[in-house]
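Student: The sequence shown begins at 184 in the numbering used here and counts up one residue at a time. Just so it is clear, CB atoms sit at the ideal spot from N, CA and C, and this is done for glycine as well. Can you read through this structure? Questions will come right after.
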Amino acid sequence: MNLPWLFVPIAYPGVVKPSGTGYIGSFTALALLEAGYKVVIADNLYNSSDEAINRIGLICGRRPGFVKIDITNEADLDRAFEQYPDIDSVIHFAALKAVGESGEKPLDYYYVNVYGSICLLRAMKRHNVTNIVFSSSATVATGKREKLLVYGDDYASHDGTAIRDYIHILDLAAGHLQALNYLRENHPGVRAWNLGTGKGSTVFHMIKAFSAAVGRDLPYEVVGRRAGDVLDLTGNPSRANRELGWKATRTLEEACEDLWRWTKNNPAGYRQQPPQDLLDKLKEGK
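Right, dumping it as structure tokens:
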């Protein structure tokens, strides 16, 4: 399949604190490469590592292009499009997304989420790129801490904790791939899809599932609710199921098991060389 280059901007400007930059973007880039797309990843590496790009190349045998940019810098964006003039589509992941922090730093959130998106759209217009999948993730959790914080246990759920729709990263990446395919084939104009399981799980359910994956009870502390949090955030994926032919197939338990397996094999995250187990499996597959 010889498709035009796809530009996947996962760059956050320097105002961003550590927040797992590039998590969804890197898995989506892998899915796109495996589907035959050419991919350019854009990132300023402020809170990410180019080791993620190395891993993508190891896994699928094709390394994506890379440009180091700041999404709020239009000159950087122009340089990226000029370097790869065959780009015809964009999947836009650059955003801040922490509910609590958004109330504390509203101008930072406006600068990144709104102004950064405007800069990207302007650059796309200048370079005649008209296809964009705008990805709006609710929350991505990363990092290490001594205990988990449960924000409120007085919600109107069966165990008192908030209900959320947790999705496996591979299902999410596949959904972005299907959305791009639909956009390129059908030219629907503006169209919105929810990528989720459609099945909400409480925070305590999540802790129980991850405790089972780890093999021990995870410590946690119940604290007060965060401003802006609501009882239930469960996506309705019926339109994505129907129009994209996409459906989340992996369970919460599988997601926890896969994440824990990756964490055990990569205790330093991407700040280490690929684990030998991965290299051995890749050799077996060749």
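Examine the Cβ distances between the stretch 298-305 and the stretch 336-345 and report whether three or more of them are shorter than 8 Å.
Tutor: no
Student: According to DSSP, GLU404 sits in a beta bridge with which residue or residues?
Tutor: For the purposes of this step, residue 404 is taken as residue 221 along the sequence shown, with counting starting at 1. DSSP output for GLU404 lists LEU332 as bridge partner(s).
Student: Using only CA atoms, which one of ALA431, PHE393, ALA410 and LEU216 lies nearest to LYS382?
Tutor: In the sequence shown, the residue the question calls residue 382 occupies position 199. For LYS382, the nearest C-alpha among the options comes from ALA431.
Student: Return the residue from the list ARG238, VAL316 and ILE254 that minimises the CA-CA distance to VAL273.
Tutor: Translated into the one-based positions of the sequence shown, residue 273 becomes position 90. Of the residues ARG238, VAL316 and ILE254, the one whose Cα lies closest to the Cα of VAL273 is VAL316.
Student: Is DSSP giving THR385 helix, strand or coil here?
Tutor: Residue numbering aside, residue 385 sits at position 202 when the sequence shown is read from its first letter. If DSSP states are grouped into helix, strand and coil, THR385 belongs with the strands.
Student: Please confirm whether PHE264 and ILE224 have their CB atoms less than 8 Å apart.
Tutor: The sequence position of residue 264 within the sequence shown is 81, counting from 1. The sequence position of residue 224 within the sequence shown is 41, counting from 1. Not a contact, by the Cβ cut-off of 8 Å.
Student: Could you tell me the boundaries of the alpha helix (DSSP H) in which ALA306 lies?
Tutor: Residue numbering aside, residue 306 sits at position 123 when the sequence shown is read from its first letter. Unbroken alpha helix (DSSP H) run through ALA306: 299-309.
Student: Taking contact to mean at least 3 C-beta pairs separated by less than 8 Å, is the stretch 430-449 in contact with the stretch 381-398?
Tutor: yes
Student: Within 10 Å of its beta-carbon, does VAL373 have 16 or more other beta-carbons around it, so buried, or fewer, so exposed?
Tutor: Here residue 373 is taken as the residue at index 190 of the sequence shown, counted from 1. Per the 10 Å Cβ criterion, exposed.
Student: Go to ASN448, then tell me how far its beta strand (DSSP E) extends in each direction, as first and last residue.
Tutor: Sequence index remark: in the sequence shown, residue 448 carries index 265 (1-based). Here ASN448 belongs to no beta strand (DSSP E); instead the alpha helix (DSSP H) covers 435-448.
Student: Less than 8 Å between the CB atoms is what I'm expecting for THR417 and ASP348, so what's the real figure, rounded?
Tutor: By one-based count along the sequence shown, residue 417 stands at place 234. By one-based count along the sequence shown, residue 348 stands at place 165. Rounded, the Cβ-Cβ distance is 4 Å, consistent with contact.
Student: Just mark LEU216 as buried or exposed, buried being the case when its beta carbon has 16 or more other beta carbons within 10 Å.
Tutor: Here residue 216 corresponds to residue number 33 of the sequence shown, with the count starting at 1. Buried: at least 16 other Cβ atoms inside 10 Å.
Student: For ALA235, tell me which candidate among ILE346, LEU213 and TYR220 has the shortest Cα-Cα distance.
Tutor: Here the question's residue 235 lines up with position 52 in the sequence shown. The shortest Cα separation from ALA235 among ILE346, LEU213 and TYR220 belongs to LEU213.
Student: Taking Cβ to Cβ, would you say TYR292 is nearer than 8 Å to SER300?
Tutor: Here residue 292 refers to the residue found at position 109 when the sequence shown is read from its first residue. Here residue 300 refers to the residue found at position 117 when the sequence shown is read from its first residue. Going by C-beta atoms, TYR292 is not nearer than 8 Å to SER300.
Student: Per DSSP, what are the beta-bridge partners of LEU215 in this structure?
Tutor: If you number the sequence shown from 1, residue 215 lands on position 32. Under DSSP, LEU215 shares a beta bridge with no residue.
Student: Since LEU366 and ASN314 are thought to touch, with beta carbons under 8 Å apart, how far apart are those beta carbons, to the nearest angstrom?
Tutor: Within the sequence shown, residue 366 is the residue found at index 183, counting from 1. Within the sequence shown, residue 314 is the residue found at index 131, counting from 1. The Cβ separation is near 5 Å, so the contact holds.
Student: So THR385 and THR434 are supposed to be a Cβ contact under 8 Å. How far apart are they, rounded?
Tutor: Translated into positions along the sequence shown, residue 385 becomes position 202. Translated into positions along the sequence shown, residue 434 becomes position 251. Incorrect: roughly 15 Å between the Cβ atoms, too far for contact.
Student: Here's a check: name, in chain order, each residue in its chain whose Cβ is nearer than 8 Å to the Cβ of GLY407, leaving out the five neighbours to either side.
Tutor: The residue given as residue 407 occupies position 224 in the sequence shown. Result list for GLY407: TYR334 and GLY335, in chain order.
Student: Please work out which residues of its chain come closer than 6 Å, Cβ to Cβ, to LYS420, disregarding the five sequence neighbours upstream and downstream, and give them in chain order.
Tutor: Within the sequence shown, numbered from 1, the residue matching residue 420 stands at position 237. In the sequence under discussion, the amino acid at residue 420 is Pro, which differs from the Lys named in the question. The beta carbon of PRO420 sits closer than 6 Å to those of ASN377, GLY379 and GLY381, all from its chain and outside the five residues before and after it, given in chain order.
Student: Measure the CB-CB distance between SER319 and ALA278 and report whether it falls below 8 Å.
Tutor: Numbered from its first residue, the sequence shown carries residue 319 at position 136. Numbered from its first residue, the sequence shown carries residue 278 at position 95. Contact flag set, yes.
Student: For a test of the three-state rule: what should DSSP assign to VAL273, helix, strand or coil?
Tutor: For the purposes of this step, residue 273 is identified with residue 90 of the sequence shown, where counting begins at 1. Strand.
Student: In this structure, how does DSSP classify LEU363 when only helix, strand and coil are distinguished?
Tutor: On the sequence shown, residue 363 is found 180 positions in, with the first residue counted as 1. LEU363 falls in the helix class under three-state DSSP.
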